[in-house]
Every structure is written in structure tokens, then in C-alpha cells.
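Residue numbers (our numbering): 28 to 188.
Note that the Cβ used here is the ideal one computed from N, Cα and C, for glycine as well.
Contents: one structure, followed by commentary.
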Ligand code: HEM
């Protein structure tokens, strides 16, 4: 989606004092990219530990509910870091991402996977000691794995579209 309103907003944002300061600074973009990648790593490790346990591919000595409660907060901590670093990268070069279909797809998938993660967390907290996955949590877990992988792919794809 590349509407003229969106392109006008990008042109406005690109010339704000904050955007000009980001463009002039030699450290802002590399530092934000580094933070973004560190937060992605933490989030993906937590996401894999949860989903591999839910799908019975990981060590089963801890129950599914324990693994969810142990690692889900890492996802909730990484997301604000991704949001802030991502927004600073956007302000520095708005049209590169806001008007980019890969970025728009990434944001839609992110909203859906956040809702799914809340669902997984609720199932975990309501079923203490859950050791065998139910059909619902398995389906949510497979969907969440696919969406997180899609989000990473779209994040990288922004540079090529
Ligand atoms: C929370 C809101 C987020 C915003 C606003 C955001 C925004 C951005 C922006 C602006 C870029 C730079 C793209 C470019 O110029 O090439 C980027 C890169 C990227 N993002 Fe995000 N992002 C967010 C969350 C995430 C999440 C949750 C993931 C994956 C778990 C992710 C994965 C990536 C990847 C893999 C890159 C490419 C990094 C690189 O190659 O340097 N982002 N993101």
C-alpha cells in the first residue's frame, strides 16, 4: 500500500528535526540496528524454547505451563525494545519502511502473533502442570512459529523491496 497520503506523511516525517538529527548522526542507525538484532535474538530464542516444548520436540522434564511462564516474559520485554529501535529507524528514513509492502506485511503478522502469544500464555496459566499439548495450543504454536519466521523474513526483505 503506497497511497499519496502515506507518501506525503513520509516526506513530512523525513524533514522533522528528529529525522534530520538521525540522518546527520553517524551512530544512531547502527546502534538502533544492533539493538534491534539483539532483541530479535532474545525473542527468537524464547519463542523457540516455548514452541519446541509445546510441540514436544524439547526436554519434557518441565511442564508446558512452566516453560511458557519461564520464557514468555522475554518476548514481552523484547517487543518494546524492537518497537522503539524500529520507530527510530523509521523516522530516519520513513519511506524505506512505511511505504514498503514487506514492512506492512511484517506489522500485520506482528499484530496477529501478539494476539496468538497472549492466547498461548493464557492457556499456560489456566492449565498448571499441562504436560501434553492440546490440539488448540499445538495449532497456536505452529501458527506462531510460522508467523515469527515470516516476520524475520519480511524484516530482512525491507532492504530489497
Ligand atoms: C515492534 C515493531 C517493529 C518495528 C517498528 C520494526 C521496524 C524495523 C525497521 C524500520 C527495520 C529496518 C529495515 C531496513 O531499513 O532495512 C527493521 C529491520 C528488521 N526487523 Fe524489525 N521492527 C519491529 C519488530 C520486529 C520483530 C518483532 C522482528 C522479528 C522477531 C523484527 C525483525 C527484523 C529484521 C530481521 C530486520 C532486518 C535487520 C537487518 O538486516 O539489519 N522486527 N525493523
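| query | result |
| --- | --- |
| Tell me which residue opens and which closes the alpha helix (DSSP H) that residue 99 is part of. | 91 to 119 |
| Can you give me the start and stop residues for the alpha helix (DSSP H) that residue 153 sits inside? | 128 to 153 |
| Is the beta carbon of residue 76 within less than 6 Å of some heavy atom of the ligand HEM? | no |
| Run the proximity test for residue 58: is its beta-carbon closer than 6 Å to any non-hydrogen atom belonging to the ligand HEM? | no |
| So, is residue 149 buried or exposed, given that buried needs 16 or more other C-beta atoms within 10 angstroms? | exposed |
| Taking 6 Å as the cut-off, is the CB of residue 108 close to at least one heavy atom of the ligand HEM? | no |
| Compute every distance between the C-beta of residue 139 and the non-hydrogen atoms of the ligand HEM, then say whether any falls below 6 Å. | no |
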